[in-house]
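So for the sequence shown, full-length UniProt numbering puts the first residue at 1; every next one is plus one. Note that beta-carbon positions come from the ideal geometry of N, C-alpha and C, so glycine has one too.
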Amino acid sequence: MNKLLIVGTVAFDAIETPFGKTDKILGGAATYIGLSASFFNLQSAIVSVVGDDFPQEHLDLLTSKNIDISGIEIVKGGKTFFWSGLYHNDLNSRDTLVTELNVLADFQPKVPQNYKDADVVMLGNLHPLVQSSVLDQMEKKPKLVVLDTMNFWMDCALPELLDVIKRVDVITINDEEARQLSGEYSLVKAANKIQELGPKYVVIKKGEHGALLFHNREVFFAPALPLEDVFDPTGAGDTFAGGFSGFIAQSENISFNNMKNAIIYGSNLASFCVEKFGTERMETLSKAEVAIRLQQFKSLTQFDIEI
Numbered sequence: 001m002n003k004l005l006i007v008g009t010v011a012f013d014a015i016e017t018p019f020g021k022t023d024k025i026l027g028g029a030a031t032y033i034g035l036s037a038s039f040f041n042l043q044s045a046i047v048s049v050v051g052d053d054f055p056q057e058h059l060d061l062l063t064s065k066n067i068d069i070s071g072i073e074i075v076k077g078g079k080t081f082f083w084s085g086l087y088h089n090d091l092n093s094r095d096t097l098v099t100e101l102n103v104l105a106d107f108q109p110k111v112p113q114n115y116k117d118a119d120v121v122m123l124g125n126l127h128p129l130v131q132s133s134v135l136d137q138m139e140k141k142p143k144l145v146v147l148d149t150m151n152f153w154m155d156c157a158l159p160e161l162l163d164v165i166k167r168v169d170v171i172t173i174n175d176e177e178a179r180q181l182s183g184e185y186s187l188v189k190a191a192n193k194i195q196e197l198g199p200k201y202v203v204i205k206k207g208e209h210g211a212l213l214f215h216n217r218e219v220f221f222a223p224a225l226p227l228e229d230v231f232d233p234t235g236a237g238d239t240f241a242g243g244f245s246g247f248i249a250q251s252e253n254i255s256f257n258n259m260k261n262a263i264i265y266g267s268n269l270a271s272f273c274v275e276k277f278g279t280e281r282m283e284t285l286s287k288a289e290v291a292i293r294l295q296q297f298k299s300l301t302q303f304d305i306e307i
């Protein structure tokens with residue numbers, strides 16, 4: 001069975017949207033990636049750090065999804081990373097109210113020995129130096145390295161970010177970040193420039209407007225499924241990344257055509273994530289529901305036309 005190594009935050013979030021608000025709930029990029037990847041036939045492990053204020057029930061949830069948590073460090077006397085955000089009416093923009101790095105400030109990732117030969121490495125949104133240190137620990141070159149990042153690191157750690165970007169095969173960012181990283185407004189030009197930085201594949205996420213996949217001069221577009229209920233977009237991008245990397249790890253097929261399927265699988269899982277606050281929907285999601293909605297995606301995009 002193939003192995004997926006996931007690196008990212010396991011955290012607390014407090015979220016407010018036009019549809020309600022939460023107190024501290026389970027969050028973090030690695031959490032969403034792991035829950036999403038658990039729908040595939042593979043072995044996965046999370047590398048992260050939490051404080052001893054992190055409830056055992058959250059760790060038990062990850063274990064129940066067959067996620068190896070031996071790489072999650074628990075710092076005695078430490079406090080878990082906390083983020084709080086307020087979403088505006090369109091849910092496409094948000095204000096960060098609180099960011100408390102806590103134990104994440106001194107995080108030194110330690111890859112479990114039995115995952116140093118992982119087939120696929122999914123580098124969730126973290127400081128680029130942390131992402132690089134994980135790649136340094138791998139004893140075998142992964143078949144695929146996927147990196148997610150954000151504009152914050154482009155603002156405050158650009159040289160380090162460019163260094164790690166050289167070492168990855170796929171980068172996933174949103175349209176605003178792609179424009180900032182490349183200096184190009186056109187997403188086609190932006191993707192071309194980003195490929196010149198190192199990644200063979202560029203995935204540009206456009207939220208409710210779908211996702212684009214670029215490789216050389218080839219382009220693929222996957223729409224987002226129109227949904228009746230969208231409560232909380234937190235973690236949707238990470239859920240997408242978990243579906244994308246999980247599908248690739250399971251299928252062992254690293255080609256442009258197969259990545260098209262991975263984009264659809266990622267978009268499909270992300271469409272569930274937004275239906276409830278935090279990880280709630282992903283915790284109870286069944287494989288049968290995933291399969292039914294996948295068929296809806298197929299119906300949405302499949303047509304016959306005479307040319």
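Next item on the list: Return the bridge partner residues of residue 87 from the DSSP annotation.
Entry: The count along the sequence shown starts at 1 and reaches residue 87 at position 87. Answer is 94.
Next item on the list: Name the residue from 194, 128, 267 whose alpha carbon lies nearest to the alpha carbon of residue 295.
Entry: Taking the sequence shown and counting its residues from 1, one reaches residue 295 at position 295. Closest by alpha carbon: 267.
Margin query: Tell me which residues share the same chain as residue 256 and place their Cβ nearer than 8 Å to its Cβ, disregarding the 5 neighbours each side in the sequence.
Written below: As a first step, residue 256 must be located in the sequence shown, where it is residue number 256. Counting only Cβ-Cβ distances below 8 Å, and skipping sequence neighbours, we find 201, 213, 215, 218, 220.
Next item on the list: Grab the span of the beta strand (DSSP E) containing residue 205 for me, first residue to last.
Entry: Walking along the sequence shown from the start, residue 205 turns up at place 205. 201-205 is the extent of the beta strand (DSSP E) around residue 205.
Check: Going by the beta-carbon positions, is the gap between residue 69 and residue 54 smaller than 8 Å?
Finding: As a first step, residue 69 is located in the sequence shown; it is residue number 69 there, counting from the start. As a first step, residue 54 is located in the sequence shown; it is residue number 54 there, counting from the start. If you check the CB distance, residue 69 and residue 54 do not come in under 8 Å.
Checklist line | Cβ pair count under 8 Å reaching 3, the segment 131-151 against the segment 97-111 | finding: Three or more pairs of CB atoms, one per stretch, sit closer than 8 Å, so the segment 131-151 contacts the segment 97-111.
Checklist line | Whole-number beta carbon distance between residue 66 and residue 38, since they are thought to touch under 8 Å | finding: Here residue 38 corresponds to residue number 38 of the sequence shown, with the count starting at 1. Here residue 66 corresponds to residue number 66 of the sequence shown, with the count starting at 1. Between residue 66 and residue 38 the Cβ distance is about 6 Å, and since that is below 8 Å, they are a contact.
Notebook entry, point to check: For the segment 104-189, which segments carrying the beta strand (DSSP E) assignment without a break, of at least 3 residues, lie completely within its bounds, in sequence order?
Noted result: 120-123, 144-148, 170-174
Next item on the list: Measure the CB-CB distance between residue 27 and residue 11 and report whether it falls below 8 Å.
Entry: In the sequence shown, residue 27 corresponds to position 27, counting from 1. In the sequence shown, residue 11 corresponds to position 11, counting from 1. In this structure, residue 27 lies near residue 11, with their beta-carbon atoms less than 8 Å apart.
Item checked: Ranges of the beta strand (DSSP E) found wholly within the segment 1-54, counting only runs of at least 3 -> 3-7, 11-17, 25-27, 43-51
Check: Which of the three DSSP states, helix, strand or coil, is assigned to residue 225?
Finding: Within the sequence shown, numbered from 1, the residue matching residue 225 stands at position 225. Three-state DSSP puts residue 225 in coil, outside helix and strand.
Check: With DSSP run on the structure shown, which of helix, strand or coil describes residue 255?
Finding: Position 255 of the sequence shown, counted from the start, is the residue given in the question as residue 255. Coil.
Checklist line | Beta-bridge pairing of residue 68 - partner residues as DSSP gives them | finding: Position 68 of the sequence shown, counted from the first residue, corresponds to residue 68. Partner(s): 45.
Next item on the list: Compute the beta-carbon to beta-carbon distance between residue 2 and residue 252, rounded to the nearest angstrom, for a pair I have assumed lies under 8 Å.
Entry: Within the sequence shown, numbered from 1, the residue matching residue 2 stands at position 2. Within the sequence shown, numbered from 1, the residue matching residue 252 stands at position 252. So it is a contact: roughly 6 Å between Cβ atoms.
Notebook entry, point to check: In the structure shown, what three-state DSSP assignment does residue 74 receive?
Noted result: For the purposes of this step, residue 74 is taken as residue 74 along the sequence shown, with counting starting at 1. Three-state result, residue 74: strand.
Next item on the list: Please name the residue or residues paired with residue 209 in a DSSP beta bridge.
Entry: For the purposes of this step, residue 209 is identified with residue 209 of the sequence shown, where counting begins at 1. In the DSSP assignment, no residue is bridged to residue 209.
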